[in-house]
Every structure is written in C-alpha cells, then in structure tokens.
Amino acid sequence: MTKNIVIVGTQWGDEGKGKITDYLGNEADVVCRFQGGNNAGHTIVIDGNKFALHLIPSGIFHEDKINIMGNGMVINPIAFKNEVLELENKGFSTKNLFVSSRAHVTLPYHIELDKLQEEIKGDQNVGTTFKGIGPTYTDKYSRIGIRVCDFINDDIFKQKLTFVINWHNHIFKAYGKKLFDVEEVFIEMKEYQIFMKNYVCDTTKLIDDLKNDNKKILFEGAQGALLDIEQGTYPFVTSSTPTAAGVATGSGVGPNYIEKVLGIVKSYSTRVGSGKFVSEIDGDIANYIRERGHEYGTTTGRARRIGWFDTVVINHTRRVSGLTDLSIMLLDVLSGLDEIKICTHYLFKGEEINYFPALIDDLNECLPVYETLAGWQEDITACSSFDELPLNAQKYLNRIEELTGVSISLISVGPDRKQTIVKNKMW
Ligand code: IMP
Numbered sequence: 003m004t005k006n007i008v009i010v011g012t013q014w015g016d017e018g019k020g021k022i023t024d025y026l027g028n029e030a031d032v033v034c035r036f037q038g039g040n041n042a043g044h045t046i047v048i049d050g051n052k053f054a055l056h057l058i059p060s061g062i063f064h065e066d067k068i069n070i071m072g073n074g075m076v077i078n079p080i081a082f083k084n085e086v087l088e089l090e091n092k093g094f095s096t097k098n099l100f101v102s103s104r105a106h107v108t109l110p111y112h113i114e115l116d117k118l119q120e121e122i123k124g125d126q127n128v129g130t131t132f133k134g135i136g137p138t139y140t141d142k143y144s145r146i147g148i149r150v151c152d153f154i155n156d157d158i159f160k161q162k163l164t165f166v167i168n169w170h171n172h173i174f175k176a177y178g179k180k181l182f183d184v185e186e187v188f189i190e191m192k193e194y195q196i197f198m199k200n201y202v203c204d205t206t207k208l209i210d211d212l213k214n215d216n217k218k219i220l221f222e223g224a225q226g227a228l229l230d231i232e233q234g235t236y237p238f239v240t241s242s243t244p245t246a247a248g249v250a251t252g253s254g255v256g257p258n259y260i261e262k263v264l265g266i267v268k269s270y271s272t273r274v275g276s277g278k279f280v281s282e283i284d285g286d287i288a289n290y291i292r293e294r295g296h297e298y299g300t301t302t303g304r305a306r307r308i309g310w311f312d313t314v315v316i317n318h319t320r321r322v323s324g325l326t327d328l329s330i331m332l333l334d335v336l337s338g339l340d341e342i343k344i345c346t347h348y349l350f351k352g353e354e355i356n357y358f359p360a361l362i363d364d365l366n367e368c369l370p371v372y373e374t375l376a377g378w379q380e381d382i383t384a385c386s387s388f389d390e391l392p393l394n395a396q397k398y399l400n401r402i403e404e405l406t407g408v409s410i411s412l413i414s415v416g417p418d419r420k421q422t423i424v425k426n427k428m429w
C-alpha cells in the first residue's frame, strides 16, 4: 500500500495542485508543504465554493487531517494569521495545523527588498509576486535569517532583528528608501509572534512519529519545476526547490522515503512573470483558453501567459523530479478547439532538441516544433471515466503519455472534487 505521495508542479506553477492535494488528501492522514511561502495560490472548490490558500496546506479542509508547514517554507507571520483567521471564520478548524520551528519568517523589510531588487533590475526583472520570498531565502542562505523558533522567542528575535535590520538599512539608505526601525518592527510583530506560537513544533519529529505510525503522508509542492532555483529557467525562477527533491530538505524526511511523485500538469501551458516561454501563443486561441481556464493569478490577479502543451518541459520535470505519474488538469478548457498542438521539440541552431538549454540566451533562440492533433467539440465536464471522453481527447492524452513516458493517472475535467477521472489509483 502506498504510504506517501509527492505532488509537484511540472510547469511554471498554477497547474491546479491545490485541487489534487485536496482530492488525494481525502485519503491521506497528513498533508505537508515543504517549500515556498505566500507567493503560492492554491484554489480549491468545494461544493461550488471557492477557497484560495497561500500558506496553509490544502488538507486543511479535511478536519481530521494533520497539516504541516515544513522547515523549507518561508512564512509571513501577518499572512499566516490572516489566513488562519479567514479559515476559522468560514468554519474550518486549524487545530491540526503545525508550523516547523525551523522555517524562516518573512518580515516587512523582505517585501521592500523584493520591490527594490525588481526596481533596480528594470526590464530584466523577474516579475516576482512581491511577497518578499527571494530576500527571505537570501537571508536564510546568508545565515542572517530569522527562523520561527527565533521569532517566537522575544530576546533572540530582538537580537537578530537588530542585526539584520541594520544590515539591510545600508541598502535602503544607498537607494534613498525609507529605513526600518528595529523597535517598530518588533512591536508590530508582537501580536503575530503570540499568535504563531500556538502552532509551532519540531515538525521533523512529528513527521517521523507519523511515519512510524504508518500514516499516509501527502507532500504538497508549490510553484513548479521550471521555477525551481536549481532546475528552472534561472534567473526567472523562485528561490526555493519545488521539485520532489525539496521534500527531503524541506520537511526532514530522507529521500529514500519518497514513493510516488505525481506531476500536476495543465493540458496546455501558462506562465506568469518574465522569462522565455517557448510554446507561448497569443491571439484568439490564447484568449479562448485564458477565459475558459480563468487564467488570472490567484495571488496577484495578473493575466497569465498561455501556450501549448510542451513535452520538452514535462520531460525535463520527469528527469529532475522523478515523476512516476501525471495528473492532467483543465482538460475541459480545450473543448471546442478544432486543432490542438503539442510541442515535441525545440529547434535550436537548426537542430531539434528535447532538453532545456541552461543559458537563457540559448533558450531565447529556441523555436517550438509542433505536432497537430484534431480537437473535440463535446463538453466533457460530466465525464467520469477515460472511456467516456471523446475519442480525440483520449488520443491527445495517449500521445502525451507516449511523448513523456509517464502514465496519466488522474484527469481533471472541472474545478470540483467530483470532476476527477481516476485512470490509475494513486493510494
Ligand atoms: P517569487 O516567488 O515571488 O520570488 O517570484 C519569482 C517567479 O516565480 C515569478 O515569475 C513569479 O511569477 C513566479 N511564481 C511564484 N510563485 C508562483 C506561483 O505560485 N504560481 C506561478 N508563478 C509563481
């Protein structure tokens, strides 16, 4: 019996991981996030009601599940409190929510640093979510970050805050920005410190106990492999490790513990922010997909860039994340198109390649090589098995399996939990 599944984004995020985490979470005992912060936006629809989560694991809607925010995360204490209160106000309990004492906290100066860096980069900006994610991870790796265990301890927090604010104020001063005041930030954070304290524990120990208790654990990735700091389209990436490798470092389990890695993939591609997107399209088809797929950011409201399904991307993710299964999302969005394209290769310096060049200048030169398949006109939102799908939809999915070498286990044909076709059972 499967004991754990890792859910990862295979593209540039926004693939619909929240829905699948919620769906598979039904059979899990534990849901654990292991990287990122409130740059993520996971939308879950339950009985027609829409919920957007940014920090808290998507298992929170199942009352009996344990939800863990792992050490690899960066947590904005203000956003944390707001999200918890919003959930509680809507009747969802957070009594089984646990925050790692080793996660790092995102504080107001991180957000200002994020904005400043983007401003300085000008037209080379990353297009970040302005949530302070990069600067929080920068502090972590510079070993001047503030962890949750430091944050909830008055003396240590004050001492570390004094050092780090003085440090960053040099930059703010150099660029003529408002300086931060240690006392002000310290006082502002008081209520959030007190609030967060109730949720903190050593989550590595907790996970180990749960493992030993034979509990089923679902690891919920945020963002996607192409935004991975190591394997993504650097520098147009986030600052964490959204690939399955991040589970080990970001939650404290050994890599040999991981059993299944489920790649969440849209039936087309989207991207927000800057950076090359080889299979990008615009015009009528892009607008059709954007509107039908509600392709506007959950966190920032930005219109997402649209493209065809790109197997170079998915093969890259298969390699770097060790994908064992795929979950195809938003297949219903493609209904009504006469033709559907799949990008099979990139044309680079006259040669067909199926890998991602590391150098952004090389990637910028890549052109998509497409295969064209016939579309389908039927509404598929009520289909509940693979065989019920129109033949052309089946052919499209079969071709994706052939080109990626990964079997499709789940197919989503609508936002609701019920609109999920199971081809292979995951648990
Ligand atoms: P950051 O994570 O805010 O630093 O942003 C870095 C890059 O990652 C930008 O291109 C963002 O648009 C992108 N990004 C971060 N989080 C998400 C997400 O949850 N979905 C999609 N893109 C994201």
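Quick note: the sequence shown uses my numbering, first residue 3, plus one each step.
Where is the CB? At the ideal position from N, CA and C, for every residue including glycine.
This structure is a prediction, so every number in the text was calculated from the model and none was measured.
Proximity of residue i and residue j at Cβ, strictly below 8 Å
i: MET75; j: PHE100; result: no
i: LEU229; j: ILE219; result: no
i: SER241; j: ILE135; result: yes
i: LYS262; j: MET428; result: yes
i: TRP310; j: SER337; result: no
i: ILE342; j: THR406; result: no
i: PHE221; j: LYS83; result: no
i: LEU57; j: ILE80; result: no
i: VAL267; j: ASP327; result: no
i: THR205; j: SER102; result: yes
i: HIS318; j: ALA227; result: yes
i: THR235; j: LEU365; result: yes
i: SER411; j: GLN421; result: no
i: VAL371; j: THR346; result: yes
i: PRO417; j: VAL33; result: no
i: VAL107; j: ILE148; result: yes
i: VAL10; j: GLY256; result: no
i: ARG306; j: VAL280; result: no
i: ILE167; j: VAL184; result: yes
i: LEU55; j: HIS44; result: yes
Contact test: residue i Cβ vs the ligand HEM heavy atom, cutoff 7 Å
i: THR130; result: In the structure on display, the ligand HEM does not appear, and the ligands it does have are the ligand IMP.
Coarse secondary structure for residue i, derived from DSSP in three states
i: LYS1; result: Since the first and last residues shown for the chain are 3 and 429, residue 1 lies out of range.
i: CYS151; result: helix
i: HIS56; result: coil
i: ASN69; result: strand
i: ALA376; result: strand
i: VAL314; result: helix
i: GLY11; result: strand
i: ILE122; result: helix
i: THR131; result: coil
i: VAL408; result: coil
i: GLU341; result: strand
i: ALA305; result: strand
i: LEU115; result: helix
i: THR346; result: strand
i: VAL430; result: This structure gives no information on residue 430, because the portion of the chain shown stretches from 3 to 429.
i: LYS175; result: helix
i: ILE260; result: coil
i: VAL86; result: helix
i: TYR139; result: helix
i: SER323; result: helix
i: ASN252; result: Checking the displayed sequence, the identity of residue 252 turns out to be Gly instead of Asn. Of the three classes helix, strand and coil, the one that applies to GLY252 here is helix, per DSSP.
i: LYS268; result: strand
Residue burial classification, residue i (beta-carbon count within 10 angstroms, cutoff 16)
i: ALA247; result: buried
i: LYS92; result: exposed
i: ILE189; result: exposed
i: TYR348; result: buried
i: TYR201; result: buried
i: PHE165; result: exposed
i: CYS368; result: buried
i: ALA105; result: buried
i: TRP169; result: exposed
i: LYS351; result: exposed
i: GLN161; result: exposed
i: PRO137; result: buried
i: GLU404; result: exposed
i: ASP49; result: exposed
i: ALA384; result: exposed
i: LYS21; result: buried
i: GLU186; result: exposed
Item to check | Inter-stretch contact at 8 Å, needing at least 3 Cβ pairs: the stretch 283-301 / the stretch 351-358 | outcome: The stretch 283-301 vs the stretch 351-358: no contact.
Checklist entry - Would the stretch 150-161 and the stretch 53-67 be scored as touching if the rule is three or more Cβ pairs under 8 Å? => result Because the criterion of three Cβ pairs below 8 Å is not met, the stretch 150-161 and the stretch 53-67 do not touch.
Next on the checklist: Check whether the stretch 173-191 and the stretch 110-124 touch, using three or more Cβ-Cβ pairs below 8 Å as the test.
Outcome noted: Verdict: yes, contact present.
Checklist entry - Do the stretch 184-195 and the stretch 270-285 touch if we need at least three Cβ pairs shorter than 8 Å? => result Contact fails: fewer than three Cβ-Cβ distances are below 8 Å.
Checklist entry - Just checking, does the stretch 29-43 make contact with the stretch 246-260 on the three C-beta pairs under 8 Å criterion? => result Enough Cβ pairs lie closer than 8 Å, so yes.
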